[in-house]
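S.K.: Start counting the sequence shown at 728; every next residue gets the next number (our numbering).
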Amino acid sequence: MTDIREPDPAPAATGLQGHGLTLRPWDPESATDVDAWLRGHTDPGFRRWNTPLRTITDTAGARASLAARAADTTAGSSRTFCVTDTADGTVLGQISVNMIDRVLSFARVGYWVLPEARGRHVATRSLLLASHWAFTDVGLHRLELGHALGHDASCRIAERCGFRYEGTLRGAMWEEGRRDAFRDVHLHGRLTTDPEPKAP
Numbered sequence: 728m729t730d731i732r733e734p735d736p737a738p739a740a741t742g743l744q745g746h747g748l749t750l751r752p753w754d755p756e757s758a759t760d761v762d763a764w765l766r767g768h769t770d771p772g773f774r775r776w777n778t779p780l781r782t783i784t785d786t787a788g789a790r791a792s793l794a795a796r797a798a799d800t801t802a803g804s805s806r807t808f809c810v811t812d813t814a815d816g817t818v819l820g821q822i823s824v825n826m827i828d829r830v831l832s833f834a835r836v837g838y839w840v841l842p843e844a845r846g847r848h849v850a851t852r853s854l855l856l857a858s859h860w861a862f863t864d865v866g867l868h869r870l871e872l873g874h875a876l877g878h879d880a881s882c883r884i885a886e887r888c889g890f891r892y893e894g895t896l897r898g899a900m901w902e903e904g905r906r907d908a909f910r911d912v913h914l915h916g917r918l919t920t921d922p923e924p925k926a927p
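Right, here's the structure in full:
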């Protein structure tokens with residue numbers, strides 16, 4: 728039996744498939760992946776609700792960001808998936824399982840969808856798929872999802888995927904485009920013992 732007090736990287740997931748999607752690792756050497764990562768981070772819809780630790784504005788920054796995500800995967804602290812259409816491989820967005828804590832058996836999830844892929848339940852389907860992997864393959868007990876107060880679409884996605892609303896965290900996220908002001912966050916949680924939601 729693995730001692731959870733020791734480093735224990737999440738099991739490899741080179742191509743999770745389900746609900747018409749494939750979740751695969753991002754490739755920092757792929758021009759297609761770098762372009763999609765850059766477009767995702769510079770999209771006004773993304774920037775309205777997210778202020779990342781590092782602002783990505785060009786190809787070099789996007790490539791460096793993807794390389795950092797790959798390093799986090801190697802360290803076992805997170806797993807960031809490129810969400811693609813299983814039928815043709817088109818990149819649709821990203822979903823990540825972050826801050827994996829094997830001692831407390833929980834992690835946090837986050838996602839975004841490219842503008843042209845919205846309205847197709849991509850976030851819902853990818854969250855269901857990534858959650859199933861985190862619970863069954865990684866063996867986690869709890870997943871948390873936080874979104875800025877007022878982001879109603881993300882709230883609906885969370886509820887649809889079995890992440891129950893658990894409360895409002897005061898000043899837990901940066902304001903749009905700022906790192907000196909904070910806004911409230913809706914916290915949602917899902918346990919491995921909760922019922923499995925149906926895919927749309």
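Quick reminder that beta carbons are idealized off the backbone N, C-alpha and C, glycines included.
In the DSSP assignment, what are the bridge partners of R869?
M.R.: Per DSSP, F833, L918.
S.K.: Would you report the Cα separation of G846 and G772, rounded to the nearest angstrom?
M.R.: Looking at the two C-alpha atoms, the distance is approximately 13 angstroms.
S.K.: Sort A899, L854, A763 by Cα distance to G929 and report the nearest one.
M.R.: No statement about residue 929 is possible, as the shown extent of the chain runs from 728 to 927 and does not include it.
S.K.: Please return the same chain residues whose Cβ sits closer than 8 angstroms to the Cβ of A814, not counting the five positions on each side in sequence.
M.R.: Closer than 8 angstroms at the Cβ level, and outside the excluded window around A814, lie G747.
S.K.: From L867, V840, S792, L750, pick the residue whose C-alpha is nearest to that of S881; which is it?
M.R.: The shortest C-alpha separation from S881 is found at V840.
S.K.: Taking the alpha carbon of S805 as the point to measure from, which residue in V761, T817, V865, A850 has its own alpha carbon closest?
M.R.: Of the listed residues, the one whose Cα sits closest to S805 is V865.
S.K.: The beta strand (DSSP E) spanning P752 covers which residue range?
M.R.: 748-752 is the extent of the beta strand (DSSP E) around P752.
S.K.: Between which residues of its own chain and H874 is the CB-CB distance below 6 angstroms, once the five residues before and five after are set aside?
M.R.: Once the five neighbours on either side are set aside, the close Cβ partners of H874 are S881, H913.
S.K.: Can you tell me whether E903 is helix, strand or coil according to DSSP?
M.R.: In the structure shown, E903 sits in coil (DSSP, three-state: anything other than H, G, I, E or B).
S.K.: Does DSSP put T811 in a helix, in a strand, or in coil?
M.R.: Of the three classes helix, strand and coil, the one that applies to T811 here is strand, per DSSP.
S.K.: Mind checking which residues open and close the alpha helix (DSSP H) that includes D799?
M.R.: Here the alpha helix (DSSP H) through D799 covers 786-802.
S.K.: Using 8 angstroms for Cβ pairs, my map puts W753 next to R796. What's the rounded Cβ distance?
M.R.: Going by Cβ atoms, the distance from W753 to R796 rounds to 6 angstroms, so yes, they are a contact pair.
S.K.: Indicate the three-state DSSP secondary structure (helix, strand or coil) for I731 in the structure shown.
M.R.: In this predicted model, I731 has a pLDDT of only 40, less than 50, meaning its place in the structure is not dependable; the value taken from the coordinates is given anyway. Three-state result, I731: coil.
S.K.: R891 by DSSP, collapsed to three states: which one?
M.R.: Three-state DSSP puts R891 in a strand.
S.K.: Quickly, what does DSSP pair I822 with across the bridge? List them, please.
M.R.: BP columns for I822 point to F808, Y838.
S.K.: Would you mind reading off the limits of the alpha helix (DSSP H) that contains L765?
M.R.: Run containing L765: 758-769, per the alpha helix (DSSP H) assignment.
S.K.: Going by CA-CA distance only, name the one from P779, P755, L918 that's closest to G904.
M.R.: The shortest C-alpha separation from G904 is found at P779.
S.K.: Y892: buried (16+ other C-beta within 10 angstroms of its C-beta) or exposed?
M.R.: Classification for Y892: exposed.
S.K.: Report yes if the C-beta distance between R835 and E886 is below 7 angstroms; otherwise report no.
M.R.: Their beta carbons are not under 7 angstroms apart, which means R835 does not touch E886 by this criterion.
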